[in-house]
Amino acid sequence: MSEPAPIRVLVVDDHPLLREGIAAVLQAQGDMQLVGEAADGGEAIERFRALRPDVTLMDLQMPDMGGVDAIVAIRREFPEARIAVLTTYKGDAQTLRAIKAGACGYLLKSMLRRELVDTIRNLHAGRRCILAEVAVELAEHMAADALSLREIEVLRLVAAGNANKKIGMALHVSEDTVKAHMKNILAKLQARDRTHAVTIAIRRGILEF
1 MSEPAPIRVL VVDDHPLLRE GIAAVLQAQG DMQLVGEAAD GGEAIERFRA LRPDVTLMDL
61 QMPDMGGVDA IVAIRREFPE ARIAVLTTYK GDAQTLRAIK AGACGYLLKS MLRRELVDTI
121 RNLHAGRRCI LAEVAVELAE HMAADALSLR EIEVLRLVAA GNANKKIGMA LHVSEDTVKA
181 HMKNILAKLQ ARDRTHAVTI AIRRGILEF
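For the record, in the sequence shown the residue sitting at position 134 is 134 according to UniProt numbering, with numbers rising by one throughout.
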């Protein structure tokens, strides 16, 4: 009886050291093979087309084209693609964007050694693989506290150090409207003040810098 074909893996990350680390882990697995690497989303799409890997490990934060956009493009062309997100963040907003884009797995870079191999095998077997701590955070915040696009816009301008009056001018709304948006933002994020709201939004991946 012949050995089953190894699981063919594509790694997408703009940090060569991380790609090397993953390559070393895969090399030690008899049932896995690193078939290609890419350093940004655009390159990932090209490599996926050429290689048709079984599992793709995709970083979210990359220059030129990020992971979410690359996942959308790959899944549009190859709906069966099995993609796991690689990230340093466990923010629920970022998780949700990646899952909506079509990611089947979510790996924190800090936990790669423990979770990487099992995640690849699970994805190849057709299972979804979201870390328990990420899933819990996602469930906690998916309900009524989602910020609207306008509220995110306001918060982004707050993060840049703008006062309400300047934010109103930038968005062509009154200062009172900005204050109303801020009141909603503080309530939804359960934040003490503007600075706390920005901190929470960055931690959760609602704002990206």
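Note that CB positions come from ideal geometry on N, CA and C, so glycine has one too.
**Message:** Check for me: the alpha helix (DSSP H) holding Glu80 runs from which residue to which?
**Reply:** Within the sequence shown, numbered from 1, the residue matching residue 80 stands at position 80. Neither: Glu80 is in no alpha helix (DSSP H) and is coded neither H nor E.
Are the segment 28–36 and the segment 80–87 in contact at 8 Å, needing three or more beta carbon pairs?
-> The segment 28–36, when compared against the segment 80–87, does not touch it at the 8 Å Cβ threshold.
Contacting residues, own chain, Cβ-Cβ under 6 Å from Phe48 (five flanking each side not counted) | Counting from one through the sequence shown, the residue named residue 48 turns up at place 48. Ile74.
ask   = Of the residues Leu51, Thr195, Ala159 and Glu151, which one's Cα is nearest the Cα of Lys180?
value = The sequence position of residue 180 within the sequence shown is 180, counting from 1. First, the residue type needs correcting, since residue 180 is Ala and not Lys in the sequence shown. Ranking the options by Cα distance to Ala180, first place goes to Glu151.
Alpha-carbon spacing of Gly105 relative to Leu96, whole angstroms: Position 105 of the sequence shown holds residue 105. Position 96 of the sequence shown holds residue 96. Using only the alpha carbons, I get a separation of about 11 Å.
Exposed unless 16 or more other CB atoms sit within 10 angstroms - verdict on Leu116: Taking the sequence shown and counting its residues from 1, the one referred to as residue 116 is at position 116. With 16 or more Cβ atoms within 10 Å of its Cβ, Leu116 is classed as buried.
Nearest-angstrom Cα distance between Arg127 and Asp14?
For this step, residue 127 is matched to residue 127 along the sequence shown. For this step, residue 14 is matched to residue 14 along the sequence shown. Per the coordinates, the alpha-carbon of Arg127 lies some 27 Å from the alpha-carbon of Asp14.
inquiry  = If you measure between the beta carbons of Arg194 and Met182, is that distance less than 8 Å?
reply    = For the purposes of this step, residue 194 is identified with residue 194 of the sequence shown, where counting begins at 1. For the purposes of this step, residue 182 is identified with residue 182 of the sequence shown, where counting begins at 1. Their beta carbons are under 8 Å apart, which means Arg194 touches Met182 by this criterion.
Quiz item: So which of Leu155, Ile167 and His172 has the shortest CA-CA distance to Leu189?
Solution: Numbered from its first residue, the sequence shown carries residue 189 at position 189. The shortest C-alpha to C-alpha distance from Leu189 to any of Leu155, Ile167 and His172 is the one to Leu155.
Q. Just to check, is the beta-carbon of Ile130 closer than 7 Å to a non-hydrogen atom of the ligand MN?
A. The model on display carries no ligand, and the ligand MN is accordingly not part of it.
**Study point:** Distance, Ile202 Cα to Gly42 Cα
**Key:** Here residue 42 corresponds to residue number 42 of the sequence shown, with the count starting at 1. Here residue 202 corresponds to residue number 202 of the sequence shown, with the count starting at 1. Near 25 Å, if we compare the C-alpha coordinates of Ile202 and Gly42.
Going by the DSSP bridge assignment, what does Glu46 pair with across the sheet?
Counting from one through the sequence shown, the residue named residue 46 turns up at place 46. None, per the DSSP bridge assignment.
- Query: Skipping 5 residues on each side, what residues in its chain have a beta carbon closer than 7 Å to that of Ile45?
  - Reply: Within the sequence shown, residue 45 is the residue found at index 45, counting from 1. Taken in chain order, the residues that qualify are Ala70, Ala73 and Ile74.
(Q) I'd like the list of long-range same chain contacts for Ile200, defined as Cβ closer than 7 Å, with 5 residues on each side in sequence excluded. (A) Translated into positions along the sequence shown, residue 200 becomes position 200. Here the set comprises Leu189 and Ala191.
* Out of Ile120, Lys109, Met58 and Pro63, which has the shortest C-alpha to C-alpha gap to Ala101? -> Mapped onto the sequence shown, residue 101 falls at position 101. It is Met58.
Exercise. Taking the continuous alpha helix (DSSP H) assigned at Ala24, which residues delimit it?
Worked result: What you label residue 24 is simply residue 24 of the sequence shown in a count that begins at 1. Pro16 to Gln27 is the span of the alpha helix (DSSP H), which, as asked, contains Ala24.
Can you tell me whether Pro53 is buried or exposed, with buried defined as 16 or more other CB within 10 angstroms of its CB? Start at 1 with the first residue of the sequence shown, and residue 53 comes out as number 53. Result: buried.
> Based on the DSSP output, what are the partners of Cys129 in its beta bridges?
Replying inline: For this step, residue 129 is matched to residue 129 along the sequence shown. According to DSSP, residue pairing for Cys129 in a beta bridge involves Gly105.
Simplified DSSP assignment, three categories, for Pro88 = As a first step, residue 88 is located in the sequence shown; it is residue number 88 there, counting from the start. Looking at the sequence itself, residue 88 is Thr, so the reference to Pro does not match. When DSSP states are grouped into helix, strand and coil, Thr88 belongs to the coil group.
How far does the alpha helix (DSSP H) with Arg113 in it extend, from its first residue to its last?
Taking the first residue of the sequence shown as position 1, residue 113 is located at position 113. Following the DSSP letters along the chain, one finds Arg113 inside the alpha helix (DSSP H) bounded by residues Leu112 to His124.
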